[in-house]
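Peer 1: Everything in the sequence shown is counted per our numbering, starting at 44 for the first residue and increasing by one. All C-beta atoms, glycine included, are put in the ideal place defined by N, C-alpha and C. My questions all concern the structure below.
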Amino acid sequence: MTMPSSRIAALIVLVVLFWKLPHAQAQQDSVFPQVYMFEADRIAKQAVGKIVRYTGLMPNFTVISRDVKTATAYIKGGNRYIAYNPEFIFRLGNQSQTDWAAVSVLAHEIGHHLAGHTLRPRSTSPGDELAADHFSGFILYQMGASLVETQAALTAIGGELDTLRHPPPTARLSAISNGWREAQTLDNLPAYGPDSDPVDKDTVTVVYQCQFRNDENLYFINDKDEILWYDNSGKAIVIGTKQPSKSRSYAWMYHYNYFVFGVDGNGTIWEQTTFGSVHPVGKVTLIGSEVVDKNQ
Ligand SMILES: [Zn+2]
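Structure representation (structure tokens):
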């Protein structure tokens, strides 16, 4: 059987089209104007320099433009890098109409370095992400940003900053504003004195403690079936929910962002792969209906 020539011609057109597509995409990427690259580089380097000054440390981060989605922090050869996507940094400024948005994204990455998260490169941890968000809120207050300016990046392009790794935007906004408010409380407050210890009057009934492999953070479940992470001032941030199990294999389900883990009767947390196999990823401990009062 032979193919009619019109079909062959159509096939050739299709093949040429598909072959061309990735090249067209690459061309589009490279037309990101040089002047914007330069502008993004200026914004990123200036922002990192300013952030580090407000920590009181010497600036020893290498700031480079790289083919990353947004921005990232990593260690290579003993040096600490902050890599940013120039188009992303430029667009962030345009969309939010303020340089604070880029500052908050870069402060988040510096937070990962300063908290030591980049020493454990392969860990995926909602708690680490919220700690970096808390730091960005804290440092932006000290730099003179309003709370609205501090949250500008997440508000402008929240969905884009929200990867699988990152906690839900509501949790991230809480972490950022907690950091900002903590810095505001500490502003002009002597470390030692009658009013030196700002206390959180939240009283939470904790039922379970959860710990995951490759994550040094602890997560808790309260009597309202909310999954909580505590920041360094003892404020709880809700990152997910405990839900009933529809399967007999699990006692209940741990819902975090797009992830659903099964928890069996022994407290082992299981992850199910897309191929249907399961493997243990963590452990749940029953704490009981104990009232934790953080004022004590
Ligand atoms: Zn992060």
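For residue 234, does the count of other Cβ atoms within 10 angstroms reach 16, so buried, or fall short, so exposed?
Peer 2: Under this definition residue 234 is an exposed residue.
Peer 1: Am I right that residue 161 and residue 114 are in contact with their C-beta atoms under 8 Å? What's the rounded C-beta distance?
Peer 2: That belief does not hold up - the Cβ atoms of residue 161 and residue 114 are roughly 13 Å apart, past 8 Å.
Peer 1: Should residue 216 be labelled buried (16 or more other beta-carbon atoms within 10 Å of its own) or exposed?
Peer 2: Classification of residue 216: buried, given that the 10 Å Cβ count is 16 or more.
Peer 1: Between 89, 273 and 301, which lies nearest to residue 210 when the distance is taken from Cα to Cα?
Peer 2: Closest by alpha carbon: 301.
Peer 1: Enumerate in chain order the residues of its own chain whose CB-to-CB distance from residue 133 is below 7 Å, with the five nearest sequence positions on each side excluded.
Peer 2: Answer for residue 133: 79, 82 and 83, listed in chain order.
Peer 1: Take residue 158 as the anchor and find which of 149, 175 and 150 has the nearest alpha-carbon.
Peer 2: Ranking the options by Cα distance to residue 158, first place goes to 175.
Peer 1: Assign residue 141 to one of three DSSP states: helix, strand, or coil.
Peer 2: In the structure shown, residue 141 sits in coil (DSSP, three-state: anything other than H, G, I, E or B).
Peer 1: Under the rule that 16 or more other beta-carbon atoms within 10 Å means buried, what is residue 164, buried or exposed?
Peer 2: The residue is exposed, with fewer than 16 neighbouring Cβ atoms inside 10 Å.
Peer 1: Does the Cβ-Cβ distance between residue 255 and residue 330 come in under 9 Å?
Peer 2: No, these two residues do not count as a Cβ contact at 9 Å.
Peer 1: To the nearest angstrom, how far is the alpha carbon of residue 280 from that of residue 137?
Peer 2: Each residue's alpha carbon lies about 30 Å from the other.
Peer 1: Consult DSSP for residue 324 and reduce its assignment to one of helix, strand or coil.
Peer 2: Of the three classes helix, strand and coil, the one that applies to residue 324 here is strand, per DSSP.
Peer 1: Counting Cβ pairs closer than 8 Å, one from the stretch 219-230 and one from the stretch 172-190, do we hit at least three?
Peer 2: Touching, yes, given that three or more Cβ pairs across the two stretches are closer than 8 Å.
Peer 1: For residue 140, is the classification buried or exposed, using 16 other Cβ atoms within 10 angstroms of its Cβ as the cut-off for buried?
Peer 2: Residue 140 should be labelled exposed.
Peer 1: Could you tell me if the beta carbon of residue 171 falls within a distance shorter than 8 Å of some heavy atom in ligand 1?
Peer 2: At least one heavy atom of ligand 1 is nearer than 8 Å to the Cβ of residue 171, so yes.
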